[in-house]
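Read through the structure below, which is laid out as structure tokens, and then see the notes.
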Amino acid sequence: MLHWNVIKTKTPEEAGKLAADQFEAVLRAKPACVIGLATGSTPLPLYRELIAREQRGELDFSRVRSANLDEYKGLAPDHPQSYRRFMQENLFDHISIRPENTIVPDGLAEDVDAMCRAYERRIEDWGGVDIQLLGIGHDGHIGFNEPCDDFPAWTHEVALTEMTRRANQRFFASLDEVPTAAFTMGIGTVMAAKKIVMMVTGKDKAEILYKAFCGPVTPKVPASILQFHPDVTLICDEAAATLLPGK
Ligand code: F6R
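Numbering-wise (this note's numbering), the sequence shown opens with residue 1287 and increments by one.
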């Protein structure tokens, strides 16, 4: 059923501004809200816009808590390609969010189960995620929930597919350096968010966006589960939207 709120934009920059509007509305209503964040190329225009809005005095992140979707297994927080470092450089270092109020799965966790359980508990103690940002992988992954036989519920370790490793190779010196595993919030964690904003830009995402949006709900296309979420806003540029109904 096509009940997602779909906003089509001309450019990724415009998509960033419209996604920022969604975050701003939640922050204004609840200054100590919990935001779920993603890494990758797609959210960068959003993060630039959020930084600019706080610098102009329009937003205040000082009471906000944030939980990231995922982290590479084996990468230290200060590794140049770690998602913690990505978040510091692209958002956290430029806004007033308190460091202790930002969580990213620990890529170096030795007791993986304990780390994953503690991650879930922290989000629960905060009262759950008020607004969750998502991108989508070419294979339909959200977070690092790759296509598989069922929908993994909670934060867990996952083996990365060849497709995902190749897609992320652009950030590393070679494919061999791309980690083969990661820690990710589960589908249950994502679905528990009160509101979801998915950003999708670029024509290389048009086909998978169509499958996720209009195809059957199946763990072979993990993002398709979002068809069952009651509050999803899809913000996509024209290139990504070419196969969607209404074009
Ligand atoms: C990263 C994440 C991933 C990305 C996806 C798309 O935290 O959750 O699911 O959203 O791999 O990445 P980009 O935006 O680089 O195309």
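Glycine included, each C-beta is placed from N, C-alpha and C at the ideal position. All of these numbers come straight from a predicted model, not from anything done at the bench.
Beta-carbon spacing of residue i, residue j below 8 angstroms
i, j, result
"Ile1422", "Ala1492", "no"
"Met1373", "Val1390", "yes"
"Ala1305", "Ile1521", "yes"
"Val1476", "Ile1428", "yes"
"Lys1303", "Glu1340", "no"
"Pro1298", "Thr1466", "no"
"Glu1357", "Phe1469", "yes"
"Val1444", "Phe1430", "yes"
"Thr1388", "Met1485", "no"
"Ile1293", "Phe1347", "no"
"Ala1400", "His1424", "no"
"Leu1414", "Lys1480", "According to the sequence as given, residue 1414 is Gly; it is not Leu. For Gly1414 and Lys1480, yes; Cβs fall inside 8 angstroms."
"Gln1308", "Val1483", "yes"
"Ala1301", "Pro1331", "yes"
"Ile1337", "Gly1426", "no"
"Leu1446", "Gln1455", "no"
"Arg1291", "Thr1519", "Before going on, a small fix: residue 1291 reads as Asn here, not Arg. A contact, by the Cβ cut-off of 8 angstroms."
Inter-residue CB distance, residue i and residue j (contact presumed, cutoff 8 angstroms)
i, j, result
"Lys1506", "Pro1433", "5 angstroms"
"Asp1379", "Arg1371", "Incorrect: roughly 10 angstroms between the Cβ atoms, too far for contact."
"Met1471", "Leu1355", "5 angstroms"
"Gly1393", "Ser1352", "With 8 angstroms as the limit, Gly1393 and Ser1352 do not qualify as a contact, their Cβ atoms being about 17 angstroms apart."
"Val1320", "Asp1416", "5 angstroms"
"Tyr1405", "Thr1441", "5 angstroms"
"Asp1490", "Thr1295", "Not really, about 17 angstroms apart at Cβ, beyond 8 angstroms."
"Leu1512", "Ala1498", "7 angstroms"
"Leu1419", "Leu1323", "6 angstroms"
Residue i Cβ short of 7 angstroms to ligand 1 heavy atom set
i, result
"Ala1324", "yes"
"Ser1327", "yes"
"His1427", "yes"
"Asp1392", "no"
"Asp1523", "no"
"Phe1430", "yes"
"Gly1474", "no"
"Leu1355", "yes"
"Gly1302", "no"
"Ile1422", "yes"
"Tyr1333", "no"
"Tyr1358", "no"
"Tyr1405", "no"
"Lys1496", "It should be pointed out that residue 1496 corresponds to Tyr in this sequence rather than to Lys. Tyr1496 Cβ: outside cutoff for every heavy atom of ligand 1."
DSSP bridge partner residues for residue i (one or two, in chain order)
i, result
"Glu1443", "Phe1469"
"Val1292", "Leu1520"
"Tyr1358", "Ala1468"
"Val1483", "Leu1419, Thr1519"
"Ile1428", "Asn1431"
"Val1507", "Thr1504"
Proximity test, residue i beta-carbon vs ligand 2 heavy atom, cut-off 7 angstroms
i, result
"Ile1417", "By its list of ligands, the structure shown excludes ligand 2, since it contains just ligand 1."
Beta carbon proximity, residue i to chain B, threshold 8 angstroms
i, result
"Ala1315", "No chain B appears in this structure, which consists of one protein chain only."
Item to complete: Just list the beta strand (DSSP E) runs in the segment 1305 to 1353, keeping only unbroken ones of 3 residues or longer that don't cross its boundaries, in chain order.
Response: 1320 to 1323
Fill in: Runs of beta strand (DSSP E) lying entirely within the segment 1372 to 1405, each at least 3 residues, in chain order
Listed in chain order, there is nothing to give.
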